[in-house]
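Student:
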Amino acid sequence: MQRLSFIHISDLHLDNFSSVKKEENSLAVRLHESPYEALQNLLILCEKCKPQFIVFTGDLYQHGILSLKARLYLTKFFNSLAEQNIPFYYVKGNHDHIGQNDTFFEQFPLVFVYKDTWSSFTFPPHVQEGEKYIKLYGYSHNTRKENKNIVHDLALLPSFIRKNILNSFNQEELTLQNSSIIQEAIEQENKILFSIGLLHATVKQKGVDSEKVKNTDKHIMSLCSDEDLKKFPIDYWALGHIHEHNILSQKPYICYAGAMQATRMGETGEKGAILVTVENLDEKEKQEIHTQFYALSPLESYDIVLKLSEEESFMDLNEVQDFLTQSFQTAIAGISKNPYCVDLVIRLIIDGQHPLYEKISSEEFLSDFCEQLSNTTAQPRIFVKKIVSWLRPCFDFALAYKREDILGEVFRVLEQLRQDPVLFESILTSLESEFKIKKEYELGFFQNSEMRSENQIKRYQQSLLRACENKIVNILEPK
Ligand SMILES: [Mn+2]
């Protein structure tokens with residue numbers, strides 16, 4: 045083998061939206077179908093790129109149990125791969141952890157599911173005497189919430205112990221000793237052309253704030269660091285769990301494939317597969333790894349911000365609507381170039397300062413506008429899922445903090461709350477029983493109180509403070 049090429053994919057989350065009521069709208073149907081279509085698109089990519097195998101790094105399906113639909117689709121999918129003679133190496137994540145469905149995968153001879161301890165498979169799956177091969181190490185989760193650093197256990201694999209011992213001698217010393225055991229160990233190691241590690245985990249990069257590790261499927265799972273991964277003689281770390289494609293290191297290669305399909309709003313942009321190629325495979329020192337991203341997502345989510353400035357002197361709301369529609373269309377034209385994309389799900393933000401801000405921010409205007417922008421006959425189809433107004437009155441907010449009057453005083457108090465979220469939360473809670481403001485505001489903001497994350501609470505507080513500031517300007521400085 046001179047050249048190696050394989051596909052790395054992850055986090056498909058089949059049946060993620062199975063609980064959304066289908067009769068509500070056609071978007072729910074599309075959300076449910078799209079991961080299945082992404083699989084179909086992957087088969088097309090395989091026919092085009094002819095990878096030697098596929099590695100899948102966890103969360104193939106969303107819920108512990110495979111639905112009948114998922115079984116049927118996966119059966120077709122794995123049979124198609126088998127026809128192309130493409131093995132599928134699969135570690136299980138926190139969603140599809142080892143459990144009730146393991147026997148399902150046993151019926152496919154080219155699907156290799158890892159156990160819940162570190163273990164390895166080879167490519168080709170059956171190595172001939174004297175043949176060199178690729179070694180693929182992997183670890184499957186066996187619970188919904190794995191908290192330990194699983195990478196450390198990798199050190200206990202015989203191959204790594206052997207390698208560590210060999211590395212502690214130099215080659216000449218080893219030859220002098222001429223022990224047959226050591227000679228055999230060297231021969232064993234020399235047969236491995238390339239090593240791949242499959243892992244479903246949150247990998248923290250040295251020097252990178254963990255707050256920036258976004259698009260995880262909610263949980264920080266089996267946290268480890270890129271330094272941990274670099275301790276092992278693995279050439280390509282195939283990672284899953286974080287839904288955004290990201291290359292953490294090039295030597296060794298440490299790569300998140302990202303999800304194959306957006307699993308919620310905020311997972312924006314194209315999603316797909318990574319084609320990995322290794323040149324000069326026969327000579328360890330000269331090996332070169334390249335990765336290429338291929339979009340496969342039939343449904344993509346985007347955040348679009350439309351800005352209004354006070355210079356735009358509109359006579360009425362109709363003119364505002366025309367202007368915003370125009371800006372929206374320009375923004376849409378600038379996004380997905382992915383030919384597989386048939387649906388765009390948009391979260392829209394109207395930002396800026398404008399004298400008509402109150403009317404534009406009204407529920408009535410926003411829902412009307414939202415409806416007008418959704419277009420299910422366009423290509424790709426457009427669903428505006430959510431619309432938010434961050435519009436503010438025309439007022440110098442930066443200067444307000446420095447003013448000596450009561451307005452300045454109130455602004456400084458609000459700023460203090462902005463800097464101290466804990467204090468802010470406690471004040472809100474104490475107000476809750478007196479007035480009902482918090483509850484109502486929260487209901488509108490979160491919709492589902494169980495889904496709130498730390499970031500969401502932060503955004504909620506920001507939005508509440510902004511609303512307070514706008515109100516105070518209205519009261520104290522009416523135009
Ligand atoms: Mn996960």
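For the sequence shown, the numbering used here begins at 45 and goes up steadily by one.
Glycine is no exception: its CB is placed at the ideal position from the N, C-alpha and C atoms.
Note that the structure is predicted; figures quoted are calculated from it, not measured.
Quick one: is the Cβ of D103 within less than 6 Å of any heavy atom of ligand 1?
Tutor: At least one heavy atom of ligand 1 is nearer than 6 Å to the Cβ of D103, so yes.
Student: What do you reckon, is the C-beta of H107 under 6 Å from a heavy atom of ligand 1?
Tutor: Outside the cutoff, so no.
Student: Once DSSP output is grouped into helix, strand and coil, what is the label at L343?
Tutor: If DSSP states are grouped into helix, strand and coil, L343 belongs with the strands.
Student: Does the region 100–107 come close enough to the region 126–139 that 3 or more CB-CB pairs lie under 8 Å?
Tutor: Cβ pair count under 8 Å is three or more, so yes.
Student: Can you give me the C-alpha to C-alpha distance between R503 and W434, rounded to a whole angstrom?
Tutor: About 12 Å.
Student: Let me confirm a value: M304 is counted as buried when at least 16 other C-beta atoms fall within 10 Å, else exposed. Which label applies?
Tutor: The residue is buried, with at least 16 neighbouring Cβ atoms inside 10 Å.
Student: Can you tell me whether G137 sits near ligand 1, meaning its C-beta is under 6 Å from at least one heavy atom of the ligand?
Tutor: Yes, the Cβ of G137 comes within 6 Å of a heavy atom of ligand 1.
Student: Distance, Cα to Cα, L242 vs F213?
Tutor: Going from the Cα of L242 to the Cα of F213 covers about 29 Å.
Student: My assumption, with CB atoms under 8 Å, is that S380 sits in contact with P424. Please give the rounded CB distance.
Tutor: Their Cβ separation, rounded to whole angstroms, is 7 Å, which keeps S380 and P424 in contact under 8 Å.
Student: In the DSSP assignment, find the unbroken alpha helix (DSSP H) run with D412 in it and report its ends.
Tutor: Per DSSP, D412 belongs to the alpha helix (DSSP H) from 407–417.
Student: When you compare the region 347–367 with the region 394–410, are there three or more beta-carbon pairs, one atom per stretch, that lie closer than 8 Å?
Tutor: The region 347–367 is in contact with the region 394–410.
Student: Would you identify the three-state DSSP class for H52, choosing helix, strand or coil?
Tutor: Strand.
Student: So, are the CB atoms of N85 and T307 less than 7 Å apart?
Tutor: No, they are not a contact pair.
Student: Thinking C-alpha only, which one of V364, N191, E231, I333 is nearest I278?
Tutor: It is I333 whose Cα lies nearest to the Cα of I278.
Student: Report all residues from its chain with a CB closer than 8 Å to the CB of L325; omit the five preceding and five following residues, and keep chain order.
Tutor: Hits under 8 Å: M45, Q46, R47, L48, L237, F238, Q331.
Student: How far does the beta strand (DSSP E) with V157 in it reach, from first residue to last?
Tutor: Its beta strand (DSSP E) spans residues 155–157.
Student: Just the Cα atoms here: how many angstroms apart are I471 and L509?
Tutor: One C-alpha to the other measures close to 13 Å.
Student: Could you tell me which of F122, L71, A422, S164 sits nearest to A377, measuring between CA atoms?
Tutor: Comparing Cα positions, the closest option is A422.
Student: Could you pull the start and end residues of the beta strand (DSSP E) that G452 belongs to?
Tutor: Note, G452: premise wrong, no beta strand (DSSP E); alpha helix (DSSP H) at 450–463.
Student: Could you check the C-alpha separation between L273 and A245 for me, to the nearest Å?
Tutor: Roughly 11 Å between the two C-alpha positions.
Student: Taking the alpha carbon of S269 as the reference point, which residue from S474, H287, G310, N193 has its own alpha carbon closest?
Tutor: That would be N193, whose Cα lies nearest to the Cα of S269.
Student: Is there contact here, the region 115–133 with the region 150–166, by at least three beta-carbon pairs under 8 Å?
Tutor: With the cut-off at 8 Å, the region 115–133 and the region 150–166 touch.
Student: Could you round the C-beta distance between L283 and V247 to whole angstroms and report it? I think they count as a contact, below 8 Å.
Tutor: So it is a contact: roughly 6 Å between Cβ atoms.
Student: Quick one: is the Cβ of H285 within less than 6 Å of any heavy atom of ligand 1?
Tutor: At least one heavy atom of ligand 1 is nearer than 6 Å to the Cβ of H285, so yes.
Student: On the three-state DSSP scale, how would you describe C385?
Tutor: If DSSP states are grouped into helix, strand and coil, C385 belongs with coil.
Student: Evaluate A442 with the Cβ neighbour count: other Cβ atoms within 10 Å of its Cβ, from every protein chain shown; 16 or more gives buried, anything less gives exposed.
Tutor: Exposed.
Student: Taking just the CA atoms, how far does T147 sit from K176?
Tutor: Approximately 31 Å, taken between the alpha carbons.
Student: To the nearest angstrom, how far is it from the Cα of D440 to the Cα of G302?
Tutor: Those two C-alpha atoms are separated by around 42 Å.
Student: Less than 7 Å separating the beta-carbons of F165 and I130?
Tutor: No, the Cβ-Cβ distance between F165 and I130 is not below 7 Å.
Student: Could you have a look at H107 and say whether DSSP puts it in helix, strand or coil?
Tutor: In the structure shown, H107 sits in coil (DSSP, three-state: anything other than H, G, I, E or B).
Student: Distance, Cα to Cα, G316 vs S345?
Tutor: Rounded to whole angstroms, G316 to S345 spans 13 Å at the Cα level.
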